[in-house]
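**Student:** Sequences listed follow chains Y and Z, in order. Going by the numbering used here, the first residue of the first sequence is number 149, and it counts up by one from there. Going by the numbering used here, the first residue of the second sequence is number 149, and it counts up by one from there. We put the CB at the ideal spot given by N, CA and C, even for glycine.
There are 2 protein chains.
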Amino acid sequence: MPSYTAPTKDMQFILHEVLDISAQDIPGYDEMERDFTGAVLDEAGKIASEVLTPLNTVGDTEGCRMENGVVYTPTGFKDAFAQMKEGGWPGLDMPEEYGGQNMPYVLGTAVGEMFSAANQAFTMYQGLTHGAASAILVHGTEEQKNTYLPKMVSCDWTGTMNLTEPHCGTDLGLMRTKAEPQADGSYKITGQKIFISAGEHDMADNIIHLVLGKIVGGPEGIKGVSLFIVPKFLVNEDGSLGARNGVSCGKIEEKMGIHGNSTCVMNYDEATGYLLGEEHKGMRAMFTMMNEARIGVGMQGLAQAEAAFQNALEYAKDRLQGRDVTGPKNPDGPADPLIVHPDIRRSLMAQKSFTEGGRAFLLWGATLIDRAHRGEDASADGLVSLLTPVIKGFLTDQGYDMTVLAQQVYGGHGYIEEWGMSQFTRDARIAMIYEGANGVQALDLVGRKLSQDGGKHVMAFFDLVKDFLKKNEHNAALKADFLDPLKAASKDLQAAGMYFMQEGMKNPNNALSGSYDFMHLFGHVCLGLMWAQMAKAALTALETGTSDPDFYETKLATGRFYMARQLPMTATHLVRIQSGGDTVMALEAANF
Amino acid sequence: MPSYTAPTKDMQFILHEVLDISAQDIPGYDEMERDFTGAVLDEAGKIASEVLTPLNTVGDTEGCRMENGVVYTPTGFKDAFAQMKEGGWPGLDMPEEYGGQNMPYVLGTAVGEMFSAANQAFTMYQGLTHGAASAILVHGTEEQKNTYLPKMVSCDWTGTMNLTEPHCGTDLGLMRTKAEPQADGSYKITGQKIFISAGEHDMADNIIHLVLGKIVGGPEGIKGVSLFIVPKFLVNEDGSLGARNGVSCGKIEEKMGIHGNSTCVMNYDEATGYLLGEEHKGMRAMFTMMNEARIGVGMQGLAQAEAAFQNALEYAKDRLQGRDVTGPKNPDGPADPLIVHPDIRRSLMAQKSFTEGGRAFLLWGATLIDRAHRGEDASADGLVSLLTPVIKGFLTDQGYDMTVLAQQVYGGHGYIEEWGMSQFTRDARIAMIYEGANGVQALDLVGRKLSQDGGKHVMAFFDLVKDFLKKNEHNAALKADFLDPLKAASKDLQAAGMYFMQEGMKNPNNALSGSYDFMHLFGHVCLGLMWAQMAKAALTALETGTSDPDFYETKLATGRFYMARQLPMTATHLVRIQSGGDTVMALEAANF
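Here's what the structure looks like:
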């Protein structure tokens, strides 16, 4: 059975030596000193390894089952959920007034990576509740906040997001779920929603569904969509639970993975709903929390890659097979461990350099969220809004590929379920799809985010890279291995942006045909920037003296691999982008 | 449920207009005229679509089950197997004297792609039988051939290959299965083999296991390995079945995919075995058929990509979501079909250009097998031996990636099992692993095949490319779109080979660290060559007049996409290769 050890040391390095969070002028960050975050991360890591990891295989094997409309989670989930609640983990970064601990989002993200890595299907129950609670926090009335948030912050009640319908996912303007206004100000919600994660289960007293629907008589299409709170059980004025609402689970889906999470068809039959936010402004309300939700999914991609990598690494050290071509490394044994072989190294280094670089990228993004929300900083908000599709699309695509690499290290043992490596790839696969399929992320990036606010956020990103290069140009230890490759990659990104500006004007298909490559190009530049920053931090530590030189030397070596082997991919992405839309769009649909 | 339509038209184009098989001087090819191959392919395509495709989901859902040592295949498999036998398909390319139809391997490969695409798990039962029969054909005594081949060619008896043991897969020198010589010339085989596809099932009267083991007292390691025939039921002198042999299935594995194929732990307990080929030359006997087996696996990668692509294409044409950014294409409907969107196009074109290019590569490789075996041509044998790891590794890696792309077109519907897209990726995943994991293919390519016979086969490949470029240099319609990109990619491949020669001498890790990239670089150049040849054939057809210009124009457009968008990947592979082994090998194992 796979194991998982939380990468606390690496997270601490990123938080304190790369991002230097406790020195950042973000409200609440002054409390984020190394000892404090270390204590929180250690505690979370223990729960991840000891409570959640053992349930990961159980969840995959048993799955959820539905009997008479009741959905049962896998053995042990209920107890573990109670333990999570007891520890106050679901409310870690929620406001104190609703029972949360008011920690920054960046710390919640680090903890979230651990929980997701240990058990993605399980962690989604609280992740979705977090998302729904955030929406109520921003858009809810005082009464709504007081009614729902204390219970949701504690996860006594869980939450869901209901967007997709059988005939529409990305194009939500096509939705048919309708909301009929009632005399008392509530609405009767009728329609069918699909792919509702945690839509029904046995771990909470109540489930608060956030449902997109169209108010009868409102505008056509996406402009007529509103957001509603639809509790499974109506809530009495005193906060106690009342009658069962007209919402039920029609079936749970058989899926490729995340079997421990119930993916439900939800039927709304004149269910009582309460408008959340303004009429016909449902999409805006959803989008408020979209950045966070998408960053959370990017985190899942990274998390599965980390968990899979850890196991592949152990296997590569244990499994004896063949000999080192330069001479035996285990001469007394029947063979050398897999890790001596260059191609196994290539795979392990790809995984390691991705997870460490991706983690820095993710946590940097999380500090931008904190700066935007806690610091009310509009430029941070703009920058993270630009980076969000990259975090989501790049980290989940690459994260998935890394789970495939990890599985491959096991040979045939990676394909049978016994070793658990198949589950990592099957679970990781969903993150490329939900919260906006990655093609939609690429479209969002190139079609909207690049030009947002006159393109000033992408300029801010380039300035960041330029500043870093400039500030360190005389650092000989960084130059050839880190600065030069970063500069080259960043130039590729700029050239791609330039191409879109020039050719996208003539024909938008020239830009959109390259959107996916651009998202990946951008992701590589971000990881290149992270690696350059981490290398700088490592060099600093080595120069100023450290009791753990191996850690920093390893960091540098891992970074050199990324810069030499992975970052050059930007050149091919650029060539593809610059080939334009002609070859992509040439065929008539009928001629495919 | 997914559907499948055999790509007969495309196969005919490749066989007759690109490879011009009936004009090739290979024994038996003169009969391969267009009408003849068309009739065979049409018939096979019907069986694939009508008999095998409907059982694909059944096999995945039901899987195999074992009760009291008996393994039951999924509902319908037995009847379908009987139908395959009745049609004589298992013996299509086997010798007439054993009941086969003596068709060339290239035709068997085309038919095999259809069957695999329709139902990989099912088709493996006869595929493994084919492999085992081939080994007996080459290495068996007359008596062995007469005893086993007629029944195996007809698939009344099926066959298996037993290599892997719990502690050894790639490194077969570690194996423990032992063979004790008996007075009558037979051996008693004792040991455990794992991952034995089709090891036990209910579709054949007898199962002929080919088992690698070590004769007691023989040399240590790989030099002491011999190959044995171990029938499930001993065969009496009159050909009737005798006593049950000491071989049994210990369990069947739970796997990520190919659930319809029984993957067995096989226990040999003093089972009676007969030496196949020479003592201690078991590996050589296995390797004889390795090229064919590996090409067969490459074919599976392509086949799953084709099946997945066909369904993704249909979905992209049907599913209405969003609007074409250049103006509605379905103005009377609520939205445009997915296929209008550039990023969906990018994905579909990647799939289409891979499957068509890969098919040409595969069938070209199959003609080399025919030339080598039927024509006893040593250079063809050398060339296909060089290309085999590329066919296996590149087509299965890329084939898998294509199934992931196809699944992505479906959004959330791709993740639930209902639509069948998950099965394509889960089934395709195994092809990257078995018959030598793709890392081992890369090692074989760079460590052995490149320098085989003084490197003359890779030189022959480069000559082939050069000849094509030279012969067509004045063809203006080919030059910019096809010849120039092919030339550039081929130069990258040569530069990589040069790097290996120079730097691999100094340190073999410099070559082996780039082996995987080299395999993919080589694969792209092969597909580039195929596309250039197909483009030439298409242009010829358009110039000489055709009643179906759309087919050829589509072929050209698809090729242009590959050359412009996919082939440039060779540059990044080269950069990675030239970065050498330093960053790959830098870390001590303990510091990972």
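My output table needs one value for Y:S345: the three-state DSSP class, helix, strand or coil.
**Tutor:** strand
**Student:** Name the chain Z residues that come within less than 7 Å of Y:R740, Cβ to Cβ?
**Tutor:** For the record, residue 740 of chain Y in the displayed sequence is Phe; it is not Arg. Those are L461, L496, K500, listed as they occur along chain Z.
**Student:** Tell me which residue opens and which closes the beta strand (DSSP E) that Z:K597 is part of.
**Tutor:** That residue, Z:K597, is in no beta strand (DSSP E); it is neither H nor E in DSSP.
**Student:** Express the C-alpha separation of Z:F376 and Z:Q555 in angstroms, rounding to a whole number.
**Tutor:** 42 Å
**Student:** Identify the contact partners of Y:P716 in chain Z, using a Cβ-Cβ distance below 9 Å as the criterion.
**Tutor:** A719, T720, V723, R724, S727
**Student:** With DSSP collapsed to three states, give me the class of Y:Q340.
**Tutor:** Strand.
**Student:** Under three-state DSSP, which class holds Z:E313?
**Tutor:** Z:E313: strand per DSSP, three-state reduction.
**Student:** Please decide whether Z:N439 counts as near chain Y, where near means a Cβ-Cβ distance under 8 Å.
**Tutor:** no
**Student:** Bridge partners of Z:V259, per DSSP?
**Tutor:** None, per the DSSP bridge assignment.
**Student:** Of all the alpha helix (DSSP H) runs that stay within the bounds of the stretch 558-644 of chain Z, which reach a length of 4 or more residues?
**Tutor:** 569-577, 586-592, 604-619
**Student:** Taking C-alpha atoms, which residue in Y:N294, Y:Y273, Y:A283 lies nearest to Y:M351?
**Tutor:** Here the closest residue by C-alpha is Y:Y273.
**Student:** Just by C-beta distance, which residues in the stretch 399-421 of chain Z are closer than 7 Å to chain Y?
**Tutor:** Along the stretch 399-421 of chain Z, the positions whose C-beta sits under 7 Å from a C-beta of chain Y are E401, E402, K403, M404, read in chain order.
**Student:** Would you please state the rounded distance, in angstroms, between the beta carbons of Y:L677 and Y:V613? I believe it to be under 8 Å.
**Tutor:** 6 Å
**Student:** Between the stretch 261-271 of chain Z and the stretch 172-188 of chain Z, can you find at least three pairs of beta-carbon atoms closer than 8 Å?
**Tutor:** no
**Student:** Using DSSP's beta-bridge definition, name the partner residues of Y:H357.
**Tutor:** BP columns for Y:H357 point to Y:T308, Y:V378.
**Student:** Determine, using beta-carbon pairs with one atom in the stretch 530-548 of chain Z and one in the stretch 589-608 of chain Z, whether at least three such pairs fall under 8 Å.
**Tutor:** yes
**Student:** So if I threshold CB-CB distances at 8 Å, which residues from the stretch 372-384 of chain Z count as touching chain Y?
**Tutor:** none
**Student:** Given this structure, state the Cα-to-Cα distance separating Y:T688 from Y:K627, to the nearest angstrom.
**Tutor:** 15 Å
**Student:** Over the uninterrupted alpha helix (DSSP H) stretch that includes Z:G676, give me the two end residues.
**Tutor:** 663-692
**Student:** Taking the alpha-carbon of Y:N658 as reference, which of Y:F670, Y:L669, Y:G645, Y:H668 has the nearest alpha-carbon?
**Tutor:** Y:G645
**Student:** Could you pull the DSSP bridge partners for Z:S396 from this structure?
**Tutor:** Beta-bridge pairing links Z:S396 to Z:N415.
**Student:** Can you find at least 3 beta carbon pairs, one from the stretch 248-264 of chain Y and one from the stretch 315-326 of chain Y, that sit closer than 8 Å?
**Tutor:** Judged by Cβ distances under 8 Å, the stretch 248-264 of chain Y makes no contact with the stretch 315-326 of chain Y, as fewer than three pairs qualify.
**Student:** Hey, could you find the ends of the beta strand (DSSP E) Y:P476 is sitting in?
**Tutor:** Here Y:P476 belongs to no beta strand (DSSP E), and DSSP marks it neither H nor E.
**Student:** Please identify, using Cβ separations under 8 Å, the residues of the stretch 564-589 of chain Z that lie next to chain Y, in order along the chain.
**Tutor:** I564, E565, E566, S570, T573, R574, R577, I578, M580, I581, Y582, A585, N586, G587
**Student:** Can you say whether Z:N620 is buried or exposed, counting buried as having 16 or more other CB atoms within 10 angstroms of its CB?
**Tutor:** buried
**Student:** By the DSSP assignment, the beta strand (DSSP E) with Z:A327 in it spans what residues?
**Tutor:** 326-329
**Student:** May I ask you to report which of helix, strand or coil DSSP gives Y:R467?
**Tutor:** coil
**Student:** Please check if any C-beta of chain Y sits within less than 8 Å of the C-beta of Z:Y737.
**Tutor:** For clarity, residue 737 of chain Z is Ala in the given sequence; the question names Tyr instead. It does; some Cβ of chain Y falls within 8 Å.
**Student:** What does the alpha-carbon distance come out to for the pair Z:S599 and Z:V206?
**Tutor:** 46 Å
**Student:** Would you call the CB atoms of Y:M232 and Y:L189 closer than 8 Å?
**Tutor:** no
**Student:** Just by C-beta distance, which residues in the stretch 647-672 of chain Z are closer than 7 Å to chain Y?
**Tutor:** P656, N657, L660, S661, S663, Y664
**Student:** Helix, strand or coil for Z:P175 per DSSP?
**Tutor:** In this structure, Z:P175 counts as coil in the three-state DSSP scheme.
**Student:** Which residues, taken in chain order from the stretch 156-173 of chain Z, show a beta carbon closer than 9 Å to some beta carbon of chain Y?
**Tutor:** none
**Student:** Short of 8 Å in beta carbon distance, which residues of its chain neighbour Y:M497, apart from the five on each side in sequence? Order them along the chain.
**Tutor:** T706, F709, R713
**Student:** Y:A683: which of Y:R442, Y:L704, Y:H672 sits nearest, CA to CA?
**Tutor:** Y:L704
**Student:** Taking CB distances under 8 Å as the criterion, tell me whether Z:K465 reaches chain Y.
**Tutor:** yes
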